[in-house]
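Residue numbering for the sequence shown follows numbering that gives the first Met the number 0, starting at 0 and increasing by one per position. Glycine included, each C-beta is placed from N, C-alpha and C at the ideal position.
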Amino acid sequence: MKLVIPYTLRRFADFTKLGGGRVILSPYDLESLVFEDLRVQPRITINSCINSWSDPSEPVEIGGACRNPVYVSRELIECSAIAGFSHLEHGVAVVRGSRNYRVITKDEVFAGATLVTDSRPGAFVVAVHDGSRAHVVLASYEDYVVYRDAYEAKPVKCSLGFKIATCVFSDGRSLIIRGSDAYEVGFPAEAVASTLRGPLLRSGEWLLYADEEDLKPLLRSRARFAGFIQGLPAFREGSKLKILESGALVDYIDVEGNASAWDLVVEDSGETLRVIDLRHEEILRVPKDPEASCWATKHGVLCCRGLWCGLVDPGETAVDLEISSGNTYSLTIHASTPLKVRHEGGEMMCSGDCEITEDEASTLRERRFGIVLEHLLSTMEAEVVFKPPRIEVFPEGLSSNKFT
């Protein structure tokens with residue numbers, strides 16, 4: 000029997016040894032894989048680390064009373080943190096004291112009565128005012144930066160976008176943080192994305208480009224940033240995916256569900272994955288379980304289901320099921336893609352060839368193998384039947400086995 004999975008996998012990573020939870024893509028850099036139930040992790044990227052993993056929790060022990068720890072470093076764990084970003088090299092913890100907040104990094108501590116934060120999976124920004132100056136810390140899996148004495152006024156709001164952060168102060172001005180660069184602008188700014196054209200911000204209902212020397216208002220829009228199409232920022236507005244071109248949002252394609260773009264457009268409607276190329280042609284449409292999530296990245300279509308992740312390409316993957324008997328019944332599964340196989344005797348991971356056997360085989364009874372095959376995007380069920388031989392008696396008194 001042959002089963003067909005309607006896609007191929009270019010890369011695959013299985014993180015199930017880490018226990019429960021799931022993996023998602025960081026919206027901060029659209030590159031880092033974030034483990035929702037891990038207290039601390041190194042940077043795991045689609046490109047460089049998806050095929051290798053070592054458990055980051057091994058070198059660190061946590062006391063039982065530490066219910067919600069934030070790792071500032073391998074040696075420093077804050078058990079009373081109310082917010083923060085855990086990392087074994089450059090974590091940030093926020094602790095509330097009797098009079099002030101404390102922002103703790105591996106190198107220094109900032110204290111103050113006024114504090115604002117923002118976080119996304121894979122990134123964290125905090126601004127604290129010590130009574131005379133505001134200090135800002137931005138941390139991600141890639142790095143962290145500290146801006147001491149960043150501004151005189153008190154912070155009122157911070158925000159994170161794609162590879163960019165902003166903090167707005169009580170006088171209406173903002174600090175823009177892009178990589179290791181930081182500069183002020185004279186208006187309240189919300190982070191949208193770092194682009195080839197420059198920092199893309201939102202102020203009120205206006206989208207605008209702004210750097211240290213130039214300010215270019217574009218248009219009124221509350222559209223949500225969705226990625227890039229040939230270097231141009233893409234936005235989701237209603238049922239339309241639009242691109243920002245020449246100061247205007249131009250209709251690009253109709254989409255449903257969660258849509259993201261990085262040249263390819265990935266439409267994840269929960270039960271269907273749809274991929275559209277630059278010619279607006281649909282190159283992939285496959286059913287999927289709602290628990291699997293897919294995104295467009297610069298490396299291709301990334302999908303994660305629980306603690307499995309992989310890069311999905313158009314094509315087909317064959318799964319062959321072969322049954323045989325001797326002293327035992329044996330079902331052999333030939334699969335070029337990783338599968339979790341469940342059967343009446345238990346479950347097993349299968350990649351390549353794997354075998355299910357039954358110790359007591361009878362050539363006189365029919366045997367049905369019912370199996371469930373879980374792959375990255377969905378689940379298949381199959382039943383393979385082994386029928387006993389039919390015995391025929393010939394006039395000469397000889398017998399011949401005929402297998403059906």
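It is roughly 12 angstroms from the alpha-carbon of I103 to the alpha-carbon of V135. Closest in C-alpha terms to V124, from the list D28, A138 and F234, comes A138. When the five nearest sequence neighbours on each side are left out, the beta carbons in the same chain lying within less than 8 angstroms of the beta carbon of S31 are those of L24, S25, R42, I43, T44, G121, S139, Y140 and E141, in order along the chain. Just measuring C-alpha positions, the residue of I242, L174 and V91 sitting nearest A164 is L174.
With a contact defined as Cβ atoms closer than 8 angstroms, L207 and L217 qualify at about 6 angstroms.
The alpha-carbon separation between P198 and R119 amounts to approximately 18 angstroms. Beta-bridge analysis with DSSP links A80 to V94. The Cβ atoms of V285 and P5 lie closer than 8 angstroms to each other. Here T7 is bridged, per DSSP, to D312.
Looking only at C302, E88, Q40 and G178, the smallest Cα-Cα distance to L75 is reached by E88.
The criterion of a C-beta distance shorter than 8 angstroms is satisfied by P154 and T113.
Sequence-distant Cβ neighbours of S268 in its own chain, meaning closer than 8 angstroms and more than five residues away, are E255, G256 and N257.
Rounded to whole angstroms, the separation of the alpha carbons of D180 and A110 is 24 angstroms. Taking C-beta atoms under 8 angstroms as the contact rule, A190 and L159 qualify, at a distance of about 6 angstroms. Taking the C-beta atoms as reference points, W294 is found nearer than 8 angstroms to S259.
Taking every protein chain shown into account, the CB of R196 has fewer than 16 other CB atoms within 10 angstroms, so this residue is exposed. For R201, same chain residues with a beta-carbon under 6 angstroms away, outside a window of 5 residues either side, are E189 and V191 in chain order.
For I176, the enclosing beta strand (DSSP E) begins and ends at S173 to R177.
When the alpha-carbon of T271 is set against those of I282, P289 and W261, the nearest one is in P289. Residue environment: D170 is assigned as exposed (fewer than 16 neighbouring CB atoms within 10 Å of its CB, all protein chains considered).
Taking the Cβ atoms as the reference, F11 lies roughly 4 angstroms from G309, within the contact range of under 8 angstroms.
Only residues of its own chain outside the window of five on either side were considered, and among them G309 and T336 have a CB closer than 6 angstroms to the CB of L8, listed in chain order. A direct Cα-Cα distance of roughly 26 angstroms separates E281 from D28.
Taking a 10 Å sphere around the C-beta of V108, we find fewer than 16 other C-beta atoms and assign the residue as exposed.
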